[in-house]
Every structure is written in structure tokens, then in C-alpha cells.
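Worksheet: one structure, shown below.
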Amino acid sequence: RFFNFNGTAGMWRKATIVDAGGWQHDTLTEDMDLSFRAQLKGWRFVYVPDALAPAEIPCEMNSFKTQQFRWAKGSAQTAKKLLPIVLKAKIPLHVKIEALFHLTNNFAYLFLILLALLQLPNMVLRQQMDRPELLLLDVPLFAATSGSIVLFYLTTHRALYNNLWEAVRRLPLAMALGIGLSLNNARAVVEGLVGGQSEFVRTPKHGVVRNEEKWTKKKYRAGKNFFSLLEVGFGLYFVGTIAFGVWLGAWASIPFLVLFMAGFLYVGALSLYQAR
Numbered sequence: 009r010f011f012n013f014n015g016t017a018g019m020w021r022k023a024t025i026v027d028a029g030g031w032q033h034d035t036l037t038e039d040m041d042l043s044f045r046a047q048l049k050g051w052r053f054v055y056v057p058d059a060l061a062p063a064e065i066p067c068e069m070n071s072f073k074t075q076q077f078r079w080a081k082g083s084a085q086t087a088k089k090l091l092p093i094v095l096k097a098k099i100p101l102h103v104k105i106e107a108l109f110h111l112t113n114n115f116a117y118l119f120l121i122l123l124a125l126l127q128l129p130n131m132v133l134r135q136q137m138d139r140p141e142l143l144l145l146d147v148p149l150f151a152a153t154s155g156s157i158v159l160f161y162l163t164t165h166r167a168l169y170n171n172l173w174e175a176v177r178r179l180p181l182a183m184a185l186g187i188g189l190s191l192n193n194a195r196a197v198v199e200g201l202v203g204g205q206s207e208f209v210r211t212p213k214h215g216v217v218r219n220e221e222k223w224t225k226k227k228y229r230a231g232k233n234f235f236s237l238l239e240v241g242f243g244l245y246f247v248g249t250i251a252f253g254v255w256l257g258a259w260a261s262i263p264f265l266v267l268f269m270a271g272f273l274y275v276g277a278l279s280l281y282q283a284r
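Structural data, given as C-alpha cells:
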């Protein structure tokens with residue numbers, strides 16, 4: 009199976025890098041690009057879970073969005089560059105399928121935006137359908153989409169921290185954050201597929217290593233972004249959608265809509281607040 013060195017920690021053989029064509033700079037995720045090219049050449053990676061490499065997680069929303077944008081755009085660029093080669097390569101089918109999902113995983117944000125926009129029209133149309141018909145449609149769709157995400161998150165959190173309850177407690181927050189980032193990351197995917205090359209925007213580092221340290225004295229100047237306003241706009245759209253759902257009595261949909269509202273408002277409002 010293929011996986012990628014993500015730039016945080018890894019040891020490479022020089023012969024591997026040379027044989028794979030060396031570092032190339034036509035994508036924003038040159039680490040993923042090189043990883044896939046090396047594995048297509050027959051080199052194999054070894055993942056060592058007990059070798060820890062401390063890394064700084066962005067503590068400010070605009071920095072986090074910058075990082076996520078670069079990763080999403082870079083993965084789309086890498087998919088555009090390497091996916092045809094991967095699919096034609098003489099490797100097992102299951103490896104091709106996993107590589108396909110790996111390279112295109114950020115494409116899901118495009119569908120998440122579409123899902124967000126369709127929530128209000130969907131709520132109106134659903135009033136014309138009987139409940140048994142809705143269950144036949146909703147249950148399989150939920151299991152195939154949200155269910156897989158929930159299972160992935162719970163499994164990885166339990167494996168890392170051996171605390172399933174803590175994973176369950178944090179699950180709504182993690183899902184809301186992912187939803188809130190969807191506009192930022194969907195834009196990145198589109199740019200990666202149809203746009204040209206762009207500069208590597210470094211993730212700001214604040215050097216915060218202890219909980220009691222403050223990052224605000226080390227903050228970078230960040231301009232207000234149109235997409236942050238758009239994220240707030242999406243959040244307000246869901247405020248209206250929730251109000252409409254309450255008026256219709258569509259109580260089963262309200263928790264789902266609250267995730268969208270909270271995610272967009274949190275990401276958008278915090279971006280604007282911290283950029284002031």
C-alpha cells in the first residue's frame with residue numbers, strides 16, 4: 009500500500025530520491041509528490057508509530073487555514089500530475105484504489121459545499137415525501153458518508169489515545185471544524201485543478217510549546233479575507249435554515265444543521281476576529 013512522507017519526520021535514502029526523479033517543485037506538496045513517485049519506482053516505506061517527532065499545530069485560525077489550503081491545493085496538483093500514472097502502473101488493484109482515495113480525499117470538500125447549499129431546498133422538497141421513503145434514502149446515505157467518517161475518527165482516536173469516550177465527546181467539534189474549513193479547502197482544490205502554480209505560503213509559527221504560553225504577543229499580521237466573510241454568510245444561511253426547520257417541525261434534521269451553522273460561524277468569525 010502507498011502512503012506519503014508528510015514533511016514532518018522521515019529518513020530517506022539518497023538513492024531513493026535520485027531514482028524517483030528528485031525533488032520537484034510543480035506542486036505545493038512536494039513531499040507527497042516524491043513519495044508517490046518513489047513508490048511507483050518500487051521503493052517501499054516503513055511507518056514506525058513509536059518514533060515521535062514533535063511538531064507545532066497552528067494556534068490561530070488564519071494560520072491553520074493557510075496550512076490546510078496549501079495541503080488541499082498541493083494534493084489536488086499531485087492528483088492531477090500523478091493519478092493517470094498511478095492508474096496505468098503495474099501495481100495491485102487494491103493499491104490503485106487506495107492511492108485514488110488518498111490523492112483525491114480533499115475533493116470531498118467540493119461535495120460538502122454542494123451539500124450545504126442544498127440543505128434548504130432539500131428540506132422544502134422532503135415535506136412532500138412520506139417518512140418510510142425518507143428512511144430508505146437517508147439511512148444508506150448516512151452510513152456511506154457520515155458513518156464512514158465517524159468510524160474513521162473513532163478508530164484512530166482510540167488507537168492513539170486508548171480513550172473512546174473522549175473521542176465521542178470531541179466528535180461533533182471535529183466534524184463542525186471540518187465543515188467550517190470546506191469553503192477554504194474547496195477553493196484550494198479548484199485552484200489546484202485549474203489554476204497555475206503559486207507561491208509556497210509558509211504556515212506562521214508562534215513557538216508555543218506549553219499551555220500557559222500566549223501566542224497573541226507573537227501573532228502575525230493577517231489581512232481580512234473575503235472567504236472569511238463568506239463563511240460567516242454560510243453560517244447565517246444555516247441560522248435561517250434551522251429556523252425554517254423548527255417551523256416545519258423537522259426535528260431530526262436540526263442537529264445536523266447545527267453542525268453546519270456552528271462550523272461556518274466558528275471558522276469565519278474567528279478568522280475575522282483574529283485578523284483584526
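Every number in my numbering is 8 more than the matching position in the sequence shown, counting from 1. Even for Gly, the Cβ is constructed at its ideal location relative to N, Cα and C.
Quick check on this structure: which residue in the options has the alpha carbon closest to the alpha carbon of residue i?
{"i": "L133", "options": "D58, V266 and G253", "result": "G253"}
{"i": "A87", "options": "L101, V198, I65 and S279", "result": "V198"}
{"i": "D58", "options": "A167, G257 and N233", "result": "A167"}
{"i": "F264", "options": "K89, G276 and V247", "result": "V247"}
{"i": "G243", "options": "F234, L267, S261 and A194", "result": "L267"}
{"i": "N12", "options": "E174, A175 and A46", "result": "A46"}
{"i": "Q136", "options": "R9, L273, A258 and S279", "result": "A258"}
{"i": "S279", "options": "M19, A251 and L191", "result": "L191"}
{"i": "L91", "options": "L237, E174, M183 and F10", "result": "F10"}
{"i": "A184", "options": "Y281, N130, M269 and S261", "result": "M269"}
{"i": "R210", "options": "W79, R178 and N114", "result": "W79"}
{"i": "G188", "options": "L159, K89, L36 and S236", "result": "S236"}
{"i": "Y274", "options": "F109, F115 and N70", "result": "N70"}
{"i": "D8", "options": "V103, L101 and A28", "result": "In this structure the chain extends from 9 to 284, so residue 8 is not present and cannot be described."}
{"i": "V56", "options": "T37, P212 and M19", "result": "M19"}
{"i": "Y117", "options": "T249, Y281, G30 and A194", "result": "A194"}
{"i": "F72", "options": "I250, A251, I262 and P212", "result": "P212"}
In whole angstroms, what separates the C-alpha of residue i from that of residue j?
{"i": "L201", "j": "T112", "result": "11 Å"}
{"i": "A124", "j": "R21", "result": "45 Å"}
{"i": "V94", "j": "F119", "result": "24 Å"}
{"i": "A196", "j": "A84", "result": "8 Å"}
{"i": "P148", "j": "I105", "result": "22 Å"}
{"i": "A283", "j": "K81", "result": "23 Å"}
{"i": "P180", "j": "A17", "result": "30 Å"}
{"i": "F208", "j": "Q75", "result": "10 Å"}
{"i": "F44", "j": "K98", "result": "14 Å"}
{"i": "G271", "j": "G186", "result": "7 Å"}
{"i": "N171", "j": "V26", "result": "42 Å"}
{"i": "V217", "j": "E68", "result": "14 Å"}
{"i": "A63", "j": "G15", "result": "11 Å"}
{"i": "G241", "j": "L48", "result": "44 Å"}
{"i": "G204", "j": "Q32", "result": "15 Å"}
{"i": "G276", "j": "I157", "result": "23 Å"}
{"i": "W255", "j": "I65", "result": "41 Å"}
{"i": "E174", "j": "I121", "result": "28 Å"}
{"i": "Y161", "j": "H102", "result": "22 Å"}
{"i": "D39", "j": "P129", "result": "42 Å"}
{"i": "S206", "j": "A182", "result": "29 Å"}
{"i": "L159", "j": "R177", "result": "14 Å"}
{"i": "L108", "j": "L36", "result": "18 Å"}
{"i": "T249", "j": "A260", "result": "13 Å"}
{"i": "W51", "j": "G30", "result": "14 Å"}
Please tell me whether residue i has its Cβ less than 8 Å away from any Cβ of chain D.
{"i": "T24", "result": "Among the chains of the structure shown, chain D does not appear; only one protein chain is present."}
For the alpha helix (DSSP H) holding residue i, just list the boundary residues, first then last.
{"i": "F264", "result": "I262 to Q282"}
{"i": "S206", "result": "Unbroken run through S206: none, as it is neither H nor E."}
{"i": "A23", "result": "K22 to D27"}
{"i": "F13", "result": "Counting along the chain, F13 falls outside any alpha helix (DSSP H), and DSSP gives it neither H nor E."}
{"i": "W31", "result": "First-last for W31: undefined, no H or E at that position."}
{"i": "G243", "result": "F234 to L256"}
>> Runs of 4 residues minimum, wholly inside the region 33-103: which ones carry the alpha helix (DSSP H) assignment?
In response: 38-48 and 69-96
> Quick one: complete alpha helix (DSSP H) runs, 4+ long, within the region 108-189?
Replying inline: 116-125, 127-134, 139-152, 154-169 and 172-188
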